[in-house]
Structure formats: structure tokens, C-alpha cells
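Trainee:
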Amino acid sequence: MAMLRVLKSISLYFPGVGYTQGMNFLIAFLLVISGGKDEEAFWSFVFLGKNLHYQILGFFEDGFPLAFFYVYMFEQVLQRENKKLAEHLESLELPNETWIFQWVTTIFLSAFPLEFAVKVWDLVFCKNLFFIIQVAVAIILQFQSNIFEFDGMELLLFFRDLKENNDNVYEDYR
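Offset between the sequence shown (1-based) and this note's numbering: plus 1228.
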């Protein structure tokens, strides 16, 4: 019930945005770290949405401008870091928006184990929201040998399985 109250309050507080799928992951996380205090979760989201270091509201505004910018930045950084891997991902004909969009808009909460996502959130709070691009690229680089073996669907299944079977696969991030 707390999540419903917070989501409804956010949609009223930001009427130009309303509710967008993906917000629920962020609100659930904020409720967990606030000990279930809906008012604290609400104001935390408002802060993250308006503060210049985070501006997560841009992930959910009409047309998802910030989310698409982050997808674009991911593509650019990956291209710079490992052109061959970037080209392979492009050859899969699986738009990065299909998977990286989800990573970005939920700040890894929907696609990775909570233990890992919490560490990413810590780093985001210590640095800034753009840090999620560095994390996304690091993940792709860590698993590049696997990724070169996949077609598009296998890539999606691989990341789904990582979330479900996270036995020491994120050792570098612990």
C-alpha cells in the first residue's frame, strides 16, 4: 500500500510526468532503504528527480529524453572502450534500448541482484548519476567473452540468468 501511495503522490507532484513504468522499482527501493516510510521515499524521489546531480525525472518524462541520452552515451563509451564488442552488439540487431534502457531507468534494480544494485546506488550517490554508464560498460566488458558467443535473444537470456543465478558472478563489484 505504501508504494501505491508514493506513486500516486509522485504522479500528483509531477503532473507533467505522471506514472511511468520503471518508477515502481525506484520507489520500492527507496521504501526499502527508508524502512517503509512512504513520506521519506516520496521526498527522496523528489530530490533525485529535481537535483542537478541526478535529475532522474528525465528518465520518465514524455519521450524519455534522459534515458535515451544515457543509452546514446553508453553506446559512445562502449565504442571508445571496445569497438569490436560495440560492433558485435550492433550486429545482433537487438536495439540497446531493449536492455540498456531498462538498466538505466531502474538504475540496475530491475535487471541485477539487489546486492549489486545497492552498490551501484551507493556509487551514484557518491559521484553522480552518470556513473551508471561506467558501470554498464564495465559489465559488458566483464562478460565480453560470453557476449561474443550470443545472438540477440541469448544476450537477453544471459542477463536475465545473471539476475536469477548470481552465484559469485559479480565478484569484482563486491
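Ideal placement from N, C-alpha and C gives every residue a C-beta, glycine not left out.
1) Fully enclosed by the region 1265-1335, which alpha helix (DSSP H) runs are 4 residues long or longer?
2) Just the C-alpha distance for residue 1334 and residue 1251, rounded to the nearest angstrom, thanks.
3) Can you give the beta carbon distance from residue 1298 to residue 1332, rounded, assuming they're within the 8 angstroms contact cut?
4) Does the contact criterion of 3 or more C-beta pairs under 8 angstroms hold for the region 1257-1270 versus the region 1284-1299?
5) Would you report the Cα separation of residue 1352 and residue 1283, rounded to the nearest angstrom?
6) State the DSSP-derived secondary structure class of residue 1350, mapped to helix, strand or coil.
7) Taking just the CA atoms, how far does residue 1310 sit from residue 1203?
8) Tell me where the alpha helix (DSSP H) around residue 1374 begins and ends.
9) Taking the straight line between their C-alpha atoms, what separation do you get for residue 1244 and residue 1368?
10) Compute the beta-carbon to beta-carbon distance between residue 1387 and residue 1349, rounded to the nearest angstrom, for a pair I have assumed lies under 8 angstroms.
11) Can you tell which of 1338, 1303, 1316 and 1249 has the C-alpha that lies nearest to the C-alpha of residue 1376?
12) Got a sec? Which residues, its chain only, sit under 6 angstroms from residue 1234 by beta carbon, not counting five neighbours each side?
13) Does the distance from the C-beta atom of residue 1380 to that of residue 1321 stay below 8 angstroms?
14) Exposed or buried, residue 1314, counting other C-beta atoms within 10 Å across all chains shown (16 or more means buried)?
15) I believe residue 1343 touches residue 1324 by the beta-carbon criterion, under 8 angstroms. Please report the beta-carbon distance rounded to the nearest angstrom.
Mentor: Let me lay it out:
1) 1266-1278, 1293-1309, 1311-1319 and 1328-1333
2) 7 angstroms
3) Sure, about 4 angstroms apart at Cβ, within 8 angstroms.
4) no
5) 12 angstroms
6) helix
7) Residue 1203 falls outside the range modelled here, since the chain spans only 1229 to 1402, and no answer is possible.
8) 1372-1375
9) 34 angstroms
10) Incorrect: roughly 19 angstroms between the Cβ atoms, too far for contact.
11) 1316
12) Answer for residue 1234: 1255, 1266, 1269 and 1270, listed in chain order.
13) yes
14) buried
15) 25 angstroms between Cβ atoms; not a contact.
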